[in-house]
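Heads up: the structure comes next, in structure tokens.
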Amino acid sequence: MERGVKMLRRIMAAALVVGVLVILFHPDFRDTAQSIWQGRVEQSAIWDSNRAYYSEVAHEAEAPYEFSE
Amino acid sequence: MNFQNKIIGGCYLYIGGIVLAMLFPLDPSWLPWLRIAAGLALGATGLLLLLGFLKGERDEPTARRALRLLWPALCLGALFLGYTRYTSANTVPDRQIGEIRIDGDVRTFHQTVDLPDTSRLRLVKAEEADRDIRIRLVGELDARLPVIGDDGGYAMDEDGHWLFRKARMPIRSDVITISSDDPVGAEYQVNQPFTRITGMEWIDGPEEGQVSVYRISNHIGSFVRPARAQSAVTVLGRITSDPRVYDFKTVLMITPSFIQYPAGGPFYRVEGGDIQVTIHPGMDGYNEFARTDAYGADLQIQGELTVARAESNPGGFNARQFMQNYNIYGLMRPYQPRGQPPPMRFVAPEGRDVRPGNPLVSFSLNLRDRVLLLFKSTMPYPQSAFLGGVTLGLRYGLQGAQFPGESEAGPLASRIGLGESEAQIVDDFRSSGVNHVLAVSGLHVTILTVMFIAIFALLKFPKQVFVPFVIFALVVFAIITGARPSTLRAVIMNSLFLLTWAYLDKGLLSSVLIGVPVAAFLILIHNPLVVVDPSFTLSFGAILSLALITLPAHELLCRLRGNRFLAVIVLVVATTVIGITHWTLVTTPLFIAPWILFGLLLYRIAGALEDRGTGISRNFAFSALPEGVSTFIAAQIAIQIGMMVPLSAYYFSRWPFAGAYVNLVAIPLIGVVVQLGAIGGLLGLIPGFGVYLTLLLSAANWIFASFFLWLAHVSTLIFPYPFVRRPRVIEIVVYYFFIAAFVWHKPLWKWIRGVCDRRGWKHRYAPAFLACGIALAATTPLWVAPPRDTRPPGLHVTVLSVQYGSAILVESPGGKRVLIDSGFVEHVRGRRNEAERTILPFFSHRAIRRLDGMILTSPLPERAAGASYILEQMRVSELYLPPMLEDLSRDMTLGEFVESMVPLETVSAQYPHERLESMYHELVGHPRWTQRPSLAVAMDGRGDTLLNRWAGWNLTTRTTGAGHILFEEEDDDGQAFRIEVLGPERHHIGERYIENNGLILRVVYGDFAMLIPGSLHYEGQRRLAERLPAEALASQVLVVPHHGAANPGFRMRPDRASVLDALDSYTAPLLDRAGPELAIFEFGNPRPVLEDLGRAAINLHDTTRHYYEKRFGRDNVLGTDDDLAIMIHSDGTQFSVETQAQRNRARGGDEGAVSNLSVGL
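The listed protein sequences correspond, in order, to chains A and B. Per the working numbering, the very first residue in the first sequence carries number 1; after that it's consecutive. Per the working numbering, the very first residue in the second sequence carries number 10001; after that it's consecutive.
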């Protein structure tokens, strides 16, 4: 159990450091952070890349995604 | 009294009962007796257990006697229970409700059981009769008339019950004629439904006779009809699982309550079986169904109720059985005609909203959607889809996603010199052996269990307090991920582990030993049909491998140190490199034997050097690795030998070579990805700042997820993903015997030595000899079991069912195997690869690893596109091409290719550019997707090099034409076998150049011949008839040229009259000359091949088929669309035909059957 706790601590610590770096240096993540702050997540680059992925799971304000075959 | 052993034993015996029921099935009429036997045995077990408890302290002899009897009673009870449960789940038997007896002038209908509801009936002839029996059944029908609500749909009451009015009406069946010519046991369907039978009308018949009356179960499986005998039905039911939403369709699982069958007929109360409904975005109201909220809703659907196909080819995938294992017996694809109302609508109970589903399930699915929303907001696609797949079980979201390697510098694989692959991420995962991470299983559940324990431990909660919360979280996780058998197994086992750990203070091993059988029992008592499902078997195979093989494998590896350890590393690396660069070499006995000798020699030399003190330090050892690492490596080896090698070959006919190496990184990596995903998803639910925490963790996870996708992608480009011979069940049993001997080698060796001592065998090697003797005895089943191929000698031809395409395997009396054409490969949309999906699995099933020849009759993609895939996987000695491919080479440009193949510009103009381009891509290569196999590249790699010759991998390519004789041989009776090439003569210019210049083959054995004209068009058919005499064309079997879909002109919609005219003018002379008795259409969905012309091809085929049926009789025209694979056997004088559809029917899978359904295996 102690080993699990130690491992989880390490993973979380590393994730926080890496996460900060990615948000600082990756434009899409930076843009998303700003979009969340401004309350317009559905306009971020990341959300845009996910628009067609499980389109029924969407923010309430967003217009429904239209399918084309 | 050791209860744990009894529980373990009871669970395994229950599984044993299921296996017995599969191997030795009994008629369903035995079910009542089986139930009584199981009940008595289990009752006795309970009584003995009670007696043991009660008498335990004060009457020891009685208690001992009771406990002695407990084992046999438990064994019998568990075996009978397993047998009964499987038999009852596997069949839906009709119930006999009475008999019609004829004795002189007395003719009575004696009813033994009342009908429980409106029912369909069938009669069974029970005794011989010297005259036809003609009767009617008379009774009443309580017709259900649905109440129509205000909105025009069917109505429900406020409790959610469907509302009907009942109309009672007298009913009389049609006259039922039981023919005196029919054998006893013949069945007769009664066309009218009955709710009550009041009597029988005697019309005419013999003096004596007996007829049994059966009620057909109202199971949904009895209402389905095959594709060509459809009738629309109305179903009233409920959505009972989470809708599976793809970007182009949604799949709903419906549990039906009532079915109106047929349209306008009565409503029957459904007694079992679910329906899988597939809807497309074009339907009005689609979005209402394509969402999680639809779970639990009641609805009415109109449409055709059909059934999934059983195997189309020998050894193929049985979709029907797979679905029935999950209680899905019907398929519907509701279709909304233009201007008509939608065929599906929700129905709400009176005065209420549409019903939600089970509260716990609804809660779980809502939680999943909220977490998915967070993933979509904070992680770019396709990493988000990967995270959704491994954390939330949404693996369908990855369909269509490609590796995100594109950049300005070009795709990543290309940049590191590996070419470009158009493979999707799911393909990468499959071929790199990490696909298991998408099938949520024990790995995920264990990762989450450890994570939750760590979080609670971090918060200083005592384990007795937090364990119930962890179990609840695991249950929610199981629901979210679809509650597949693998997830359920893991959740049950982890829950048992948590409970024993928290409250009984037991360790992991103890919980695994009891957890495995208990989890299996709980899953199989609910649904015994999943016992052969890959999800179940692979999951239990993995956990048993981990629990049993890891330790002995670790001990064995820990013996390796110094020079010997180095020698093993060198051998493993060298074998891997050879496997990557020349896979076929490592599967060649001519390589394997000297390689093993070399390995043993190297090991001995390394040992000898070490004994002399030469070499590296003995501290260089496997045991010197950190314990976690060494155990993990041992566990991976355990999984490979215990599960992947035997079961992957058995279920998928392939072995992901990369998996053995990639998983060493992928498994720890997936632990990080899942934990960060789960923690990020849960933290994101905190209002306010939660989403920022998710973004932070997702940003980090994006790195790990991207690395995972890269790893899978690159390893796919490096490692081969070979097809392997599919083992027989008996071979797997023997394999596991040896694995068991390895696991328990210590007690086994002790026992062997004990036997030697007791017998007085003092020789030093006596135990080794005895061990070898036992091993030899263990392989006996392999020699005494009937061989895989028990067919009679002679010529065998298998026309495979490959949709609109062709693949024919010819097996000569002398054992030569020749494949004629190789099926179609679709790279976009459906991505249907007939070579990998049908032909190669068929070869694996038949254990065919070498072809003496492959003949491509035409460069058309429906005939030649699969060739490169087959050449990638199979040893082929000779390849024959039509003359127009004489100059085929990998350096050709598209222009050169077209010019070499279709020499005149005016002729090449007859073919759409896309079709010529498609041929170029398949035969020469794709300019962008350089990783895509092509015929020219495959031929190039099969030159006459030393390595290729060593591996039997060299290929001789020739072009052939009229007058050539291929693969000629003579049998012991002097009957000759040969493949005659009847065409093309010299290149002739004319319309349909490519079609009319393909190879025309005639397979001859003795007096039997089969004509295979390939894609020959009308003009070519007449020329062939004019050119050759009747004796050169005479054939008993004809494979209809051009799939029976030749278009007499170039119009999109050829009219029927012109087709019939062309058939009379061009085809009839050929048929007159050849005089076949049997015609075979190689047909299926033409749209992937012909695209816009697909509709026309279907009409052309229907007209042509009708023409042939009129000429030969319906029974003498077969098609690979309906009859599936067609197997022809000839002894040189006569021939016989068997179809895969007949085989399926013989196994109880008759698509038209309405009674005594046989399901599962």
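Quick reminder that beta carbons are idealized off the backbone N, C-alpha and C, glycines included.
Residue i, buried or exposed, once every other Cβ within 10 Å from all chains shown has been counted against 16
i	result
E10208 of chain B	exposed
S10217 of chain B	buried
G10815 of chain B	exposed
T10614 of chain B	exposed
Y10214 of chain B	buried
A52 of chain A	exposed
K10125 of chain B	buried
F10469 of chain B	exposed
V10825 of chain B	buried
G10773 of chain B	exposed
L10597 of chain B	exposed
L10081 of chain B	buried
E10408 of chain B	For E10408 of chain B, the pLDDT reaches just 44, beneath the cut-off of 50, and the residue's location in the model is therefore unreliable, although a value from the coordinates is still provided. E10408 of chain B is exposed by the Cβ-count criterion.
W10953 of chain B	buried
Identified DSSP bridge partners for residue i
i	result
R10168 of chain B	B:D10142
A10232 of chain B	B:E10304
L10819 of chain B	B:L10809 and B:M10854
E10980 of chain B	B:I10965 and B:R11002
Y10880 of chain B	B:I10855 and B:R10958
T11222 of chain B	Residue 11222 of chain B falls outside the range modelled here, since chain B spans only 10001 to 11161, and no answer is possible.
Y10214 of chain B	B:Q10096 and B:R10122
DSSP three-state assignment for residue i, whether helix, strand or coil
i	result
G10017 of chain B	helix
V22 of chain A	helix
Y10268 of chain B	strand
Q10189 of chain B	strand
N11164 of chain B	Given a span of 10001 to 11161 for chain B in the structure shown, any question on residue 11164 of chain B remains unanswerable.
G11119 of chain B	strand
R10107 of chain B	strand
I10686 of chain B	coil
Y10396 of chain B	helix
T10091 of chain B	strand
Y10329 of chain B	strand
C-beta contact flag for residue i and residue j at 8 Å
i	j	result
S10180 of chain B	D10114 of chain B	no
G10017 of chain B	L10074 of chain B	no
I10855 of chain B	L11001 of chain B	yes
V10347 of chain B	L10305 of chain B	no
L10966 of chain B	L10935 of chain B	no
F10267 of chain B	I10275 of chain B	no
L10770 of chain B	F10708 of chain B	no
I10008 of chain B	I10514 of chain B	yes
P10786 of chain B	I10732 of chain B	no
I10471 of chain B	L10504 of chain B	no
N10619 of chain B	Q10636 of chain B	no
L10387 of chain B	A10705 of chain B	yes
G10998 of chain B	V10981 of chain B	no
V11137 of chain B	L11071 of chain B	no
Beta-carbon neighbours of residue i, restricted to chain E and to distances below 7 Å
i	result
S10384 of chain B	Chain labels in this structure do not include chain E; the protein chains are A and B.
Chain A contacts from the segment 10270-10289 of chain B (Cβ-Cβ distance under 9 Å) = Correct list: H10280, P10281, G10282, Y10286 and N10287.
Using a Cβ cut-off of 8 Å, which residues of the segment 10653-10679 of chain B contact any Cβ in chain A, in chain order?
-> Those residues of the segment 10653-10679 of chain B that come within reach of chain A (Cβ to Cβ, closer than 8 Å) are V10672, Q10675, L10676 and I10679.
Could you name the residues of the segment 10084-10116 of chain B whose beta carbon sits closer than 7 Å to any beta carbon of chain A, in the order they occur along the chain?
-> Along the segment 10084-10116 of chain B, none of the residues has a CB nearer than 7 Å to a CB of chain A.
Between the segment 4-20 of chain A and chain B, which residues of the former have a C-beta closer than 9 Å to a C-beta of the latter?
-> Cβ contacts with chain B: G4, V5, K6, M7, L8, R9, I11, M12, A14, A15, L16, V17, V18, G19 and V20.
Give, in chain order, every residue of the segment 10353-10380 of chain B whose Cβ lies closer than 7 Å to some Cβ of chain A.
-> Hits within the stretch, in order: D10369, L10372, L10373, K10376, S10377, T10378, M10379 and P10380.
When you check each C-beta in the segment 28-46 of chain A against every C-beta of chain B, which residues fall closer than 7 Å?
-> Only D28, F29, T32, A33, I36, V41 and I46 from the segment 28-46 of chain A bring a Cβ to less than 7 Å from some Cβ of chain B.
Chain A contacts made by the segment 10684-10706 of chain B, where a contact means CB separation under 8 Å = Flagged, chain order: V10691, Y10692, L10695, L10696, L10697, S10698, A10699, A10700, N10701, W10702 and I10703.
Members of the segment 10236-10258 of chain B near chain A, C-beta cut-off 8 Å | If the cut-off is 8 Å between Cβ atoms, the segment 10236-10258 of chain B has V10245, D10247 and F10248 near chain A.
Select from the segment 10449-10462 of chain B all residues with a C-beta closer than 9 Å to any C-beta belonging to chain A, and list them in chain order.
-> Flagged, chain order: V10450, M10451, I10453, A10454, I10455, A10457 and L10458.
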